[in-house]
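In the numbering used here, the protein residues as written are 1020 to 1451. Below is one structure; the comments refer to it alone.
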Ligand SMILES: [Zn+2]
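Right under this line is the structure:
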């Protein structure tokens, strides 16, 4: 095996083909308002994966699917050597945007292909192989938790537990990926590094007029599964003073979740209730039970802990005043993850090689890179999101920004196959 340096891979980029490929993906699960609806394991998701697999095959990659339905497009010089993985996800939220995840997969395909072509042009066999990856179920809309495929790959989530997860109709992950033809076999892909590019989903890049963000760390996040239990009764026949209305109490929980952010420095914490199930949900019944998911995120874990404590206190108070029971269970706790400093430097250098400015950011959203960073040194890049909006049909990034991101990602992948992070340890997590 000759170990040599791949150079000038960006010269091998086919930018019109990248833009055409990206545009083509928006036809799978297209919604009328310009978004996409491609929830994990649906037929629309299967169709875009079929297209991606055949496109990658045409470009010379070899497709492998693992047991949780991650799709890998491999370019191997020495199958025994570790792989540089680069990718994101092709699934979406319901009525989601067309850039979230999909941009990262298509940019990865073209960046990896450019690096492979540069190596072929110069007769080079680099020290690491390449794999473009489409992770299964990053969004977690149909099957919770999110970041499922990469978490299983990284050994952070049990495979059998993930396969047995059900959607609201009782369909398991195993059944859903089987139905679209993406229940694969155990695959061994030794990993040397990981890179991902994604839309920012916030407006810090847009506001500063800088085209590339290099992610330093992820926010601390945690969810609370909250159950409010009252008593079911007749909406007409029950006196107001006799009611134990679970929905009214739950509505107060939602408001408390928003108001608690006022106790922290502006911009340092976000909370939401994104899921809310009312029972029996009948127009003539005072609701008996509400289950909701409360999501708390901050850069400082102490802020999350304090918000959680305040919310528990206020929920206990609400329960007393409204004569209902409120229970809260911690769930999906994700500590701060720091990307390796060498990877942050490598990302910034790659941007300056392309003659563009970059800024360091933290990510408030979870990403596959956060899971991968636990097992392999990872580099995460952002491109601007217009108005900072995401998880909606209005999500937008300009072609010019997509292409700058593609070029910088290509530099990153080139540096990674040239083993620039070979001696670097995976990222670190835990409290600061
Ligand atoms: Zn995403």
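Just so you know, even glycine gets a beta-carbon here, dropped at the ideal spot from N, CA and C. It should be emphasised that the depicted structure is a prediction, and the values quoted were computed from it without experimental measurement.
| Query | Result |
| --- | --- |
| Ligand 1 heavy atoms versus the CB of residue 1119: any closer than 8 Å? | yes |
| Hey, which unbroken runs of the alpha helix (DSSP H) at 4 residues or more fall wholly within the region 1187-1234? | 1192-1198 and 1223-1227 |
| Restricting to Cα atoms, I'd like to know which of 1397, 1308 and 1413 is closest to residue 1404. | 1413 |
| Considering only heavy atoms of ligand 1, does any lie closer than 8 Å to the CB of residue 1064? | no |
| Can you name the residues that DSSP bridges to residue 1244? | 1312 and 1348 |
| Return the residue from the list 1321, 1280, 1370 and 1029 that minimises the CA-CA distance to residue 1133. | 1029 |
| Might you give, ordered along the chain, the residues of its own chain that have their beta carbon closer than 6 Å to the beta carbon of residue 1377, omitting 5 neighbours on each side? | 1231, 1233, 1367 and 1370 |
| Check whether the Cβ of residue 1059 lies closer than 8 Å to any heavy atom of ligand 1, and answer yes or no. | no |
| Helix, strand or coil: which one does DSSP assign to residue 1424? | helix |
| Return the residue from the list 1339, 1154, 1294 and 1320 that minimises the CA-CA distance to residue 1248. | 1339 |
| Under 8 Å: does the beta carbon of residue 1384 sit that close to some heavy atom of ligand 1? | yes |
| Consider the Cβ of residue 1106: report whether some Cβ of chain D lies at a distance smaller than 9 Å. | Absent from the structure: chain D. Only one protein chain is present. |
| Can you give me the Cβ contacts of residue 1373 inside the same chain, cut-off strictly under 8 Å, excluding the 5 residues immediately before and after it? | 1029, 1423, 1426, 1427 and 1430 |
| Alpha carbon to alpha carbon, how far is residue 1085 from residue 1060? Give it in angstroms, no decimals. | 14 Å |
| For residue 1279, I'd like the list of residues in its chain whose CB is within less than 7 Å of its CB, leaving aside the five on either flank, ordered along the chain. | 1290, 1326, 1329 and 1330 |
| By alpha-carbon positions, which one of 1352, 1169 and 1389 ends up nearest to residue 1316? | 1352 |
| Report the option in 1411, 1087 and 1023 whose CA atom is closest to the CA atom of residue 1179. | 1087 |
| Tell me the DSSP secondary structure of residue 1153 in three-state form. | strand |
| Tell me the start and end of each unbroken beta strand (DSSP E) in the region 1385-1424 that is at least 3 residues and wholly inside, in chain order. | 1397-1402 |
| Identify which residue in 1302, 1197 and 1031 has its Cα closest to the Cα of residue 1128. | 1031 |
| Could you tell me if residue 1450 is buried or exposed, where buried requires 16 or more neighbouring beta carbons within 10 angstroms of its beta carbon? | Note that residue 1450 has pLDDT 45, beneath the 50 cutoff, so the model's placement of it is unreliable and the number below is only indicative. Residue 1450 comes out exposed. |
| What residue range is occupied by the uninterrupted alpha helix (DSSP H) comprising residue 1136? | 1121-1140 |
| Where does residue 1451 fall in DSSP's three states? | Model confidence at residue 1451 stands at a pLDDT of 40, short of 50, so the residue's coordinates are unreliable and nothing is read from them. |
| Could you tell me the boundaries of the alpha helix (DSSP H) in which residue 1444 lies? | Where residue 1444 is concerned, there is no enclosing alpha helix (DSSP H), given that its DSSP letter is neither H nor E. |
| Quick check on the DSSP output: the alpha helix (DSSP H) that includes residue 1042 runs from which residue to which? | 1034-1044 |
| Around the Cβ of residue 1221, are there at least 16 other Cβ atoms within 10 angstroms (buried) or fewer (exposed)? | buried |
| Only counting the same chain, and skipping five residues up and downstream in sequence, which positions put a Cβ closer than 6 Å to that of residue 1195? | 1060 |
| Find the nearest neighbour of residue 1073 within the set 1292, 1125, 1245 and 1320, judged by alpha-carbon distance. | 1125 |
| Is the beta carbon of residue 1090 closer than 9 Å to that of residue 1148? | no |
| What span of residues does the alpha helix (DSSP H) with residue 1278 cover, start to end? | 1265-1278 |
| What I want to know is whether the C-beta of residue 1157 ends up closer than 8 Å to one or more non-hydrogen atoms of ligand 1. | yes |
| What's the C-alpha gap between residue 1385 and residue 1319? | 15 Å |
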